[in-house]
Amino acid sequence: MDALRQVDGWPCQNVAVAVTGAVEATHGDAERRFPWASVSKLATSVAMLVAAEEGIVDLDEPAGPPESTFRHLLAHASGLPFEHGAPIAPPGTRRIYSNYGIEVAAALVEQRAEMPFAEYFASVWEGAGAVLEGSAGSGVEGTLGDLIAVAHELQQPQRIAQETLDEARTVQFPGLAGVLPGFGRQEPNDWGLGLELRDAKSPHWTGERNSPRTFGHFGRSGTFLWVDPDAGIALACLTDLAFGDWASDAWPRLSDAVLSELD
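Quick note, the sequence shown lines up with residues 1 to 263 if you use my numbering.
Structure (structure tokens):
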């Protein structure tokens, strides 16, 4: 796919990209391991949804601050701040992007499963090479192939049921406003269960050609993965250059070029 060659002009030393689904294509060093930063949340959320299906946790049981549930934590609606600290809003009133909330959710899975969350994560993703070290919200490292495995799970799930994925990519606590990191305040700032939903957000890190049903995540380490069910593809990207103005410009252009090439 010619569109992927755009990344050769990016200001990164190393970059690896892939399209998977209706079209299969890769470009760059597919064997290099990259830190995923917040793209980790896609893989850790799948592990937490497996825990819910196994009855280890319940999406609607109390978890986190008073009146908050496990669902609130995964949907960034618990009121917890980005980093460790006391709640800064009542649950279900604002969309506050929270690494801490994901860590609290992982701690509950760890307690109930009676094993470190990283071990539970490894058992869910057995066969893939991604490794979780540190925060459940940002500590995954892996190759492009490992990220493609996550994309496949979010396209044709094998670890979770299709109904679970359908729920995960449905707006949780509709209408909540909040800040999408790097792209400003969004009203509404829609999220599913660990998945960021494109909907009508503007500006956004995906392209103008992406359908409103697109979902995924990007990471501060210069990484992203989106899945567009209408286009039938996912676009995965790993780089070694931290997110910044370069990405706000380059990522949507790449996304639009990939989708244009499908027409």
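All C-beta atoms, glycine included, are put in the ideal place defined by N, C-alpha and C. What you are looking at is a predicted structure, and each value in this text was computed from that prediction instead of being measured.
Beta-carbon proximity check, residue i vs residue j, cutoff 8 angstroms
i, j, result
"PRO90", "GLU61", "no"
"PHE117", "VAL104", "no"
"LEU74", "THR164", "no"
"THR69", "ALA136", "no"
"GLY101", "LEU80", "yes"
"LEU259", "ALA231", "yes"
"ILE96", "HIS76", "yes"
"VAL17", "GLU153", "no"
"ARG169", "GLY184", "no"
"ILE56", "ALA113", "yes"
With 16 other Cβ atoms within 10 Å as the buried cut-off, status of residue i
i, result
"ALA87", "For clarity, residue 87 is Pro in the given sequence; the question names Ala instead. Buried is the call here."
"ARG253", "exposed"
"HIS204", "buried"
"GLY142", "buried"
"SER202", "exposed"
"PRO174", "exposed"
"ASN14", "exposed"
"HIS27", "buried"
"GLN111", "exposed"
"GLY85", "exposed"
"GLN172", "buried"
"ASP249", "exposed"
"ASP190", "buried"
The beta strand (DSSP E) enclosing residue i, as first and last residue numbers
i, result
"VAL15", "15-21"
"ILE233", "233-239"
"THR26", "25-28"
"PHE218", "215-219"
"ASP166", "Per DSSP, ASP166 belongs to no beta strand (DSSP E); it is in the alpha helix (DSSP H), 162-168."
"GLN111", "Not the beta strand (DSSP E): GLN111 falls in the alpha helix (DSSP H), residues 99-113."
"THR223", "223-228"
Whole-angstrom distance between residue j and residue i, CA atom to CA atom
i, j, result
"PHE82", "THR93", "16 angstroms"
"GLY194", "LEU147", "16 angstroms"
"ARG33", "PRO11", "19 angstroms"
"ALA200", "ALA63", "30 angstroms"
"GLY182", "GLY244", "8 angstroms"
"ALA128", "GLU187", "37 angstroms"
"GLY139", "TRP125", "15 angstroms"
"THR264", "ILE233", "The shown model of the chain, from 1 to 263, leaves out residue 264, and the question about it has no answer."
"ALA151", "ALA30", "15 angstroms"
"ALA3", "SER78", "39 angstroms"
"ALA247", "ILE160", "31 angstroms"
"GLU54", "LYS41", "19 angstroms"
Extent of the continuous alpha helix (DSSP H) to which residue i belongs
i, result
"GLY145", "144-155"
"LEU259", "245-262"
"VAL124", "117-124"
"PHE70", "70-74"
Cβ pair count under 8 angstroms reaching 3, the segment 32-47 against the segment 208-223: yes
Across the segment 223-242 and the segment 192-211, are there enough close Cβ pairs to call them in contact, namely three or more that are closer than 8 angstroms? Contact between the segment 223-242 and the segment 192-211 is present, because at least three Cβ pairs lie under 8 angstroms.
Answer yes if the segment 113-133 comes into contact with the segment 10-25, meaning at least three C-beta pairs across the two stretches below 8 angstroms, and no otherwise. no
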